[in-house]
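Numbers in my numbering are just positions in the sequence shown, counted from 1, shifted up by 11.
We put the beta carbon where it would ideally sit given N, CA and C, even for glycine.
Keep in mind that this is a model prediction, so the values were computed, not measured.
Below you'll find the structure, written out as structure tokens, and then a few comments.
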Amino acid sequence: MLHSVILASSDPVAAGFILRSIKGIFVFIGSIIAAIVCAVIAATKGRSAIGWGILGLFFSILTLIVVIVIPSKK
């Protein structure tokens, strides 16, 4: 397995594909974390946790800033 990855990394096209897939995994994990954090903050402020979580999934940092700035409904 490792031998095939090393051989693939010597090919520029395959190496680019491997790096793009690793980057995609990190972006996906970051989006999930941002969605969870947005949902928790929104729930503590009396807002819709599901709605803000979905927004956090797609617009991670922007939604996180907005949910921190908005006032509480309580």
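- In this structure, Leu68 and Ser42 form a Cβ contact; the two beta carbons are roughly 5 angstroms apart against a cut-off of 8 angstroms.
- Taking Gly64 as the centre and dropping the five residues before and after it, the same chain places the C-beta of Ala46, Ile47, Cys49, Ala50 and Ala53 closer than 8 angstroms to its C-beta, in chain order.
- Per DSSP, the continuous alpha helix (DSSP H) segment holding Ser71 begins and ends at Ser71 to Val80.
- DSSP places Lys56 outside both helix and strand once states are collapsed to three, so it counts as coil.
- Scanning Gly57, Gly35, Ile44 and Leu30 for the CA closest to the CA of Ser71 turns up Ile44.
- Assigned with DSSP and collapsed to three states, Ser83 falls in coil, not helix or strand.
- Looking at the backbone, the Cα of Ile36 and that of Val77 are separated by about 25 angstroms.
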